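Trainee:
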Amino acid sequence: MRYSKLFIPTLRDDPADAEVISHKLLLRAGFIRRVTSGVYDYLPLGLRVLRKIEAIVRDEMNRSGAQELLLPMVQPAELWEKSERMEKYGPELLRFNDRHGHESCLGPTHEEVICDLISRELRSYKQLPMNLYQIQAKFRDEIRPRFGLMRGREFIMKDAYSFHADEASLNAEYDNMFATYCRIFERFSLNFRPVEADGGSIGGSKTHEFHVLAESGEDLIAHCSGCDYAANVETAMSKRQAVNTPSAALLMVETPHVTSAEDVAAFLHADLSTLLKTLVYRAVGGANDGMIIAACVRGDDQVQEIKLTHAIAADSIEMASDDEIAQIGGITGFIGPQKLNCKLFLDHSLTAACGLITGANKANAHITGLDVDRDLEDIHFADLRETRAGDACNTCGAEIELSRGIEVGQVFALGTRYTEPMQVLFQNQQGKRALATMGCYGIGISRLMAAVVEQCNDDSGIAWPQALAPFSVGLISMGKSEAVLQTSAQIYQALLDAGIEVLWDERNERPGVKFKDAELIGLPMQLVIGDRGLKAGVVEMGWRKGGRSEVAVGDVVAKVIDLLKGQLADKNTGSIN
RNA sequence: CGGGGCGUAGCGCAGCCUGGUAGCGCAUCUGGUUUGGGACCAGAGGGUCGGGUGUUCGAAUCACCCCGCCCCGACCA
Numbered sequence: 086m087r088y089s090k091l092f093i094p095t096l097r098d099d100p101a102d103a104e105v106i107s108h109k110l111l112l113r114a115g116f117i118r119r120v121t122s123g124v125y126d127y128l129p130l131g132l133r134v135l136r137k138i139e140a141i142v143r144d145e146m147n148r149s150g151a152q153e154l155l156l157p158m159v160q161p162a163e164l165w166e167k168s169e170r171m172e173k174y175g176p177e178l179l180r181f182n183d184r185h186g187h188e189s190c191l192g193p194t195h196e197e198v199i200c201d202l203i204s205r206e207l208r209s210y211k212q213l214p215m216n217l218y219q220i221q222a223k224f225r226d227e228i229r230p231r232f233g234l235m236r237g238r239e240f241i242m243k244d245a246y247s248f249h250a251d252e253a254s255l256n257a258e259y260d261n262m263f264a265t266y267c268r269i270f271e272r273f274s275l276n277f278r279p280v281e282a283d284g285g286s287i288g289g290s291k292t293h294e295f296h297v298l299a300e301s302g303e304d305l306i307a308h309c310s311g312c313d314y315a316a317n318v319e320t321a322m323s324k325r326q327a328v329n330t331p332s333a334a335l336l337m338v339e340t341p342h343v344t345s346a347e348d349v350a351a352f353l354h355a356d357l358s359t360l361l362k363t364l365v366y367r368a369v370g371g372a373n374d375g376m377i378i379a380a381c382v383r384g385d386d387q388v389q390e391i392k393l394t395h396a397i398a399a400d401s402i403e404m405a406s407d408d409e410i411a412q413i414g415g416i417t418g419f420i421g422p423q424k425l426n427c428k429l430f431l432d433h434s435l436t437a438a439c440g441l442i443t444g445a446n447k448a449n450a451h452i453t454g455l456d457v458d459r460d461l462e463d464i465h466f467a468d469l470r471e472t473r474a475g476d477a478c479n480t481c482g483a484e485i486e487l488s489r490g491i492e493v494g495q496v497f498a499l500g501t502r503y504t505e506p507m508q509v510l511f512q513n514q515q516g517k518r519a520l521a522t523m524g525c526y527g528i529g530i531s532r533l534m535a536a537v538v539e540q541c542n543d544d545s546g547i548a549w550p551q552a553l554a555p556f557s558v559g560l561i562s563m564g565k566s567e568a569v570l571q572t573s574a575q576i577y578q579a580l581l582d583a584g585i586e587v588l589w590d591e592r593n594e595r596p597g598v599k600f601k602d603a604e605l606i607g608l609p610m611q612l613v614i615g616d617r618g619l620k621a622g623v624v625e626m627g628w629r630k631g632g633r634s635e636v637a638v639g640d641v642v643a644k645v646i647d648l649l650k651g652q653l654a655d656k657n658t659g660s661i662n
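Here the first sequence is numbered in our numbering, starting from 86 and rising by one per residue.
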């Protein structure tokens, strides 16, 4: 491609409304443009990268035995009624009526559609297992789209759905997909980590998320420094080192206007971890909708709300209002677990704890000497605390570390969560009707593009890994002498003939402009053809990640072919730099 | 939805407080010079100042309403 013919609207300044590096660079380098909140145009360069990501994903999915198909974006409401997600999915599901008044929605995910398809076509166990996938635009009316491609409302996703005759088959495919995902992210040269995760609203029992490690990540993941345990903090488990205080008599102490755990500890000259913190929540959805409950953790711990949500079997939870707290006999700022008129949940770390400081359920007062076994009744223990850096690993005891991650993929063993309501049945070997089990596996294609940029950039711009670069080579003609133009044209044509994607910058621009643009858009290899080099019979070869050398004009094409083929071969065998 | 911020040329911004000719840098177009790290000279084009209503002789500027965008929280690929 000739640069002068390519639509690359680069920007010299960072756009004011971009915050994270990938958003800024993708806009500046002319890969994307915003249409409206969370919705983007993919310009030619952006599309080229997107297609490369898709190609790798497709290649590995096909290799894993999955088959590609394409499902509709517009889905009838009936299917969502049938799976009982019409209500449950909430306002994130964009609904609309067609001219006949028929209610439809834009697909945020495709369990319903695929189950509907399979339920009509599946007859025999002999057709199973089966893994079908598609790469397609999804629409989720996100509460808060942000960070450019990182969290859009419309985004490109690879979603796969597998169907099985039994649990063992599902587990085998789960492992197969897990391995496939590892291969995919390795081919992207990404620093990533698979982690144990929460099922979220999709439901299901077993699930892992794949996170690209990056400061701008929206998720916190806990991982062990000693073994390969890694989990999203939403579910991560660990041991904590608590200060053990001796048992003591209950005593009420005055704490005027001292409310936060930190302030109480300071006021009473106590260690934060000797406090028992009580938070009051209201269950939303589920069998216990509206129920008020109290959750206790140590003063230096935080309640992990996802864990609490599971502990009380709710769809979600919200902090209780001051009025709701008063109704159960508490006072905001001075809540304690004693004599609260609601269900009481304590974190495991409080098992048999004594000598604790806690709220007195009385204004301006706290209690010291609380003994969990002695002073509290009818308590439920659960894992409620959020794992912190420095905790001990449950498996090996080594130190837990926390990192930020961008979730680029997730694998679920769904079981019969969808196949049951959608009636995905088949005839088993015994001739009986049986329910299929199901797994689903997603990869955020467009989000991956942002995640890669988050990891591959420097002050000059993007530095694409070879496998994803929109062009492998940037051919820069320096000056406009006949010799430069002719040599450039020859090399350009020879590279094209060799099947190498090359962007020839033949614009009548000064060298600085060409270099800056080449670095901004992040092409991995640069070939500079100028009068200075031609006099010595050489072309300059530079790498985006650093390093320059000179190659004889006559050898350039062969050399480039050799280097690029070598790099691509490396990627395919999984040996990643 | 709650909290914070913003909206003036394609991009980045000033002007607003204290009402009176709409400005700067970059980009763009024309001509010329220049060509190994975002050139220079001369000239030119480009604006319903997010929208509406009001106050006023007069509104980018003041008031009210609406819309949009960004950031922090709940959602998730």
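For each residue, glycine too, the CB sits at the ideal point set by N, CA and C. Bear in mind that the values here come from a model prediction, so they are computed numbers and not experimental data.
Count the other CB atoms within 10 Å of the CB of Val-328; is the residue buried (16 or more) or exposed (fewer)?
Mentor: It counts as exposed.
Trainee: Can you look up Phe-352 in the DSSP assignment and give me helix, strand or coil?
Mentor: Of the three classes helix, strand and coil, the one that applies to Phe-352 here is helix, per DSSP.
Trainee: State the Cα-Cα distance for the pair Leu-487 and Ser-345, rounded to the nearest angstrom.
Mentor: Each residue's Cα considered, the two are about 25 Å apart.
Trainee: Name, in chain order, the residues that DSSP records as bridge partners for Asp-543.
Mentor: In DSSP, Asp-543 forms a bridge with Gly-546.
Trainee: Quick one: using the 10 Å Cβ neighbour count with 16 as the cut-off for buried, is Pro-609 buried or exposed?
Mentor: Result: buried.
Trainee: Suppose you measure from the CA of Thr-95 to the CA of Ala-114; what does that come to, to the nearest Å?
Mentor: Near 5 Å, if we compare the C-alpha coordinates of Ala-114 and Thr-95.
Trainee: Among Asp-463, Gly-454, Ala-355, which one has its Cα closest to the Cα of Ser-332?
Mentor: Looking at the Cα atoms, Gly-454 is the closest of the given residues.
Trainee: Taking 7 Å as the limit between beta carbons, can you name the residues of its chain near Arg-518, skipping five residues before and five after?
Mentor: Result list for Arg-518: Leu-510, Gln-512, in chain order.
Trainee: Can you tell which of Val-598, Asp-468, Pro-596 has the C-alpha that lies nearest to the C-alpha of Ala-321?
Mentor: The shortest Cα separation from Ala-321 among Val-598, Asp-468, Pro-596 belongs to Asp-468.
Trainee: Could you say if the stretch 607-627 and the stretch 568-577 meet the contact criterion of at least three C-beta pairs nearer than 8 Å?
Mentor: Output reads yes: the stretch 568-577 touches the stretch 607-627.
Trainee: Might you give, ordered along the chain, the residues of its own chain that have their beta carbon closer than 6 Å to the beta carbon of Leu-255, omitting 5 neighbours on each side?
Mentor: If we look at Leu-255 and ignore the five residues flanking it on each side, its Cβ neighbours are His-249, Ala-498, Thr-522, Gly-524.
Trainee: By the 10 Å Cβ neighbour count, where 16 or more other Cβ atoms means buried, how is Ala-643 classified, buried or exposed?
Mentor: Per the 10 Å Cβ criterion, exposed.
Trainee: Using 8 Å for Cβ pairs, my map puts Met-235 next to Arg-532. What's the rounded Cβ distance?
Mentor: 6 Å between Cβ atoms; contact.
Trainee: Can we say the stretch 459-468 touches the stretch 423-434, given the rule of at least three CB pairs closer than 8 Å?
Mentor: Taking 8 Å as the limit for Cβ pairs, the verdict is that the stretch 423-434 does touch the stretch 459-468.
Trainee: Out of Ser-122, Leu-154, Leu-217, Tyr-246, state which residue places its alpha-carbon closest to the alpha-carbon of Thr-501.
Mentor: Residue Tyr-246 is the option with its Cα nearest to Thr-501.
Trainee: With a threshold of 16 other CB atoms inside 10 Å of the CB of Ile-606, please say whether the residue is buried or exposed.
Mentor: Label assigned to Ile-606: buried.
Trainee: Quick one: what's got a C-beta closer than 7 Å to Glu-252's C-beta in the same chain, skipping five residues either side?
Mentor: Around Glu-252: Thr-522.
Trainee: Using 8 Å as the threshold, is the stretch 398-417 in touch with the stretch 359-373, meaning 3 or more CB pairs across them?
Mentor: Yes, they touch.
Trainee: Can you tell me where the alpha helix (DSSP H) with Lys-424 in it begins and where it stops?
Mentor: It is not in any alpha helix (DSSP H) - Lys-424 carries neither H nor E in the DSSP assignment.
Trainee: Measure how close the beta-carbons of Ile-203 and Ile-220 come, nearest whole angstrom, since I'm counting them as under 8 Å.
Mentor: Actually they do not touch by this definition, with Cβ atoms about 19 Å apart.
Trainee: Would you kindly report the start and end of the unbroken beta strand (DSSP E) that includes Ile-413?
Mentor: From DSSP, Ile-413 is part of no beta strand (DSSP E); its letter is neither H nor E.
Trainee: Please work out which residues of its chain come closer than 6 Å, Cβ to Cβ, to Ile-325, disregarding the five sequence neighbours upstream and downstream, and give them in chain order.
Mentor: The amino acid occupying residue 325 in the given sequence is Arg; Ile does not appear at that position. Hits under 6 Å: Ser-434, Asp-476.
Trainee: Using the rule of at least 16 other Cβ atoms within 10 Å of the residue's Cβ for burial, across every protein chain shown, is Gln-515 buried or exposed?
Mentor: Burial call: exposed.
Trainee: DSSP on Glu-486, reduced to helix/strand/coil?
Mentor: It is a strand residue.
Trainee: So, using beta-carbon positions, are Ser-562 and Glu-591 closer together than 8 Å?
Mentor: For Ser-562 and Glu-591, yes; Cβs fall inside 8 Å.
Trainee: Going by alpha carbons, who is nearest to Gly-421 out of Ile-117, Leu-461, Gly-639?
Mentor: Answer by Cα proximity: Leu-461.
Trainee: Measuring straight from C-alpha to C-alpha, what distance separates Gly-237 and Ser-358?
Mentor: Distance between the alpha carbons of Gly-237 and Ser-358: 40 Å.
Trainee: Does DSSP classify Ser-562 as helix, strand or coil?
Mentor: Strand.
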